Every structure is written in structure tokens, then in C-alpha cells.
Amino acid sequence: MSMKAILVHIDEHDGLPSVLRCALLTAMRFGSHMEGLFVWRGVPRMVPVAPEGAFLPASDLVEDLERADRERSARLRQAFETFMAEHDVSLAVSGRSETEPSASWSEQTVTGDDALGTVGRLHDLIVVGRPVDGQPVPMMSALETALFESGRTLLIAPPELPKTLGDMMVIAWNGSTETARTIALAAPFLAKAKEVVVLSVEDGMVPGPSGADMARYLHRNDIAAAAKTIRAGDRPVGGAILEECGALGCDLLLKGAYTHSRLRQMIFGGATSHILAKAQLPVIMAH
């Protein structure tokens, strides 16, 4: 399995250039086809118009919002196609070349985040923007739909443009099933990395194999990985991981998502939540 089919979630936000950059860097590495997907936001057909709870058709409001979606789609398609043209990426319905990136545009007029999960099942990788505190887009709901409903790997683009992607990879290893599955799904990235470090935080492990065990497993699959264990100290586990990534010069972090339940994460936080809120580098996640 490679990363030949990439779905790129396209929406209006400050991090869109980084989303496109992450998709392109991946496509250049694997000769992938990038499908830019815009999902209409839309509006329910019936909305409350009185405190008593009466519902009436909101045809004028629907028309206005649909017009806004059409205009947003046109702007984003132009931005997507301009970006591809600037980087000499050919536009095609589907990728045919084994080595050269290609791109196409699609949109879903059936509103809601579900499309990311369903369309994503036909791709090897889904590229989304990292939600930023205080900004409505990109939405965490879109990221989680892609994560939990597609069965595929996510590449989460940071707010700022990355210079490189996948040369120096860190695996945030905590012994969990989710991380083991993410490693399997992201194997093409690991195989092409120049350096791989299996990073374990003593305070963040669950019962399972050690980082050294995982490094030995990767060696059997021709991935030269080194194991490193650190202590979180007074830092959150996610913060310790991100600080170590910075010290190592990491340009792609691999993290299994939500080892504990999402409800527990919302109440108590956790390494996944911290990384989703703070990461300044591209992150690969799967569940």
C-alpha cells in the first residue's frame, strides 16, 4: 500500500496554504493524485421562527446560504487550481502517472461533515487543517469525522507552512493498539523517512510493548528506527512530545488518536487533545 490517492479537505481558513502544501509534499513523495474536496455548509430546510417553537420554511435564508456556498466553492476552486498550476501539477479526473502528482476538484452539495468520512474511504490519506482556538474553521467536527468514519490515515496540517514533510519522523509510542494501527497505515511514510525515532514518555504509556520493542519490529521491516524514552516531568505528556519533536528537528509526528474514550479526553484532556490544539508541525493520526 502506498499513498497514491489523497483527499484534501478544502475550506476557507488561514491554514489552507499549509493544507495544500502538506498535500503537495506528500504527492511529490509518492506520485499521488490529490482530490480537492469542498463540502457545502448549507442550512436545515426548516428553522424555528418563534419562541413557541413554530417551524416555517426558510426559503430566503436557504437561498442566501446556498448562494454563499456556491460563491465559496468558486473562490476555493480557483485557489486550488491556481496553487496546482503554480507547482506544475496537472489537472486530471484521476491520476495515471506512477511518478508525477496530479489533481482534481470535487464538491459535495449534501451538507455536513459526513462526506469526509464516506469519500475518505476511497483514499489512502486525508489531509485536513488543524483546528485553531478562536477560529470557526477548520472545525474539530470535520477532523473527527474523517478520523473515526473513514478508516483511513489523517495528515493534519499545522497553521504555518511546513518546509519539509517526512524526512525526520517521530513516532509517539505509548504501547497502544491505536498507535500500532497508525504505524501500519503510515508505513509508506516511515519507509521513505531518512530518520525515525520511536519516542516514549514514561508517564504516558499504557500496557503494551516498549519503545525498544517497536523499534526492533520496525527494523525487521527495513525501517531503521531508534528508540528514546523521556519523562514528562511537570509538562503535559502531549507538551513533552511536542518539545522533544522540536529538539529533534522532527518534520512529521505520528500519533495514534484517542487511546482513551473521547468523553474521557474531553473531561481530562490527554496527549491527543494537546497535540491537536498545539502542534506546529504536520501530524499523522489514525484510530
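Going by my numbering, the sequence shown opens with residue -4, and the numbers climb by one from there. All residues carry an ideal CB built from backbone N, CA and C; glycine is no exception. These numbers were taken from a predicted model, which means no experiment stands behind them.
By the neighbour-count criterion, in which a residue is buried when 16 or more other Cβ atoms sit within 10 angstroms of its Cβ, GLU238 is exposed. Linking SER195 to LEU56 through their CA atoms gives a straight-line distance of about 52 Å. The Cβ neighbour count for ASN169, taken over all protein chains shown within 10 Å, is at least 16; the residue is labelled buried. The way I'd put it, the region 101 to 121 does touch the region 148 to 164; three or more beta-carbon pairs between them come closer than 8 Å. In the same chain as ALA137, and ignoring 5 residues on each side of it, the C-beta atoms closer than 7 Å to its own belong to HIS4, ASP108, LEU111 and VAL123, in chain order. Per DSSP, ILE270 is one residue of the alpha helix (DSSP H) stretching across 266 to 273.
Straight through space, the alpha carbons of ILE178 and ALA22 are spaced by roughly 19 Å. Bounds of the alpha helix (DSSP H) holding GLU173 are 172 to 180. If you compare the alpha carbons of GLU95, ALA63 and TRP100 with that of GLN73, the shortest gap goes to TRP100. Between GLY206 and ARG125, the C-beta spacing is not below 8 Å.
By the neighbour-count definition (other C-beta atoms within 10 Å, threshold 16), THR104 is an exposed residue. Comparing alpha-carbon positions, the option among SER54, PHE78, SER68 and PRO153 lying closest to SER13 turns out to be PRO153. Residue environment: GLU7 is assigned as exposed (fewer than 16 neighbouring CB atoms within 10 Å of its CB, all protein chains considered). In this model, LYS187 and ASP59 are separated by some 48 Å (Cα to Cα). Taking 8 Å as the cut-off, the Cβ atoms of LEU247 and ILE279 count as close. SER195: member of the beta strand (DSSP E) spanning 190 to 196, first to last residue. Nearest neighbour of GLN275 by Cα position, chosen from GLY265, ALA281 and GLY233, turns out to be GLY233. Your pair ILE218 and LEU180 does not check out as a contact, with CB atoms roughly 14 Å apart and the cut at 8 Å.
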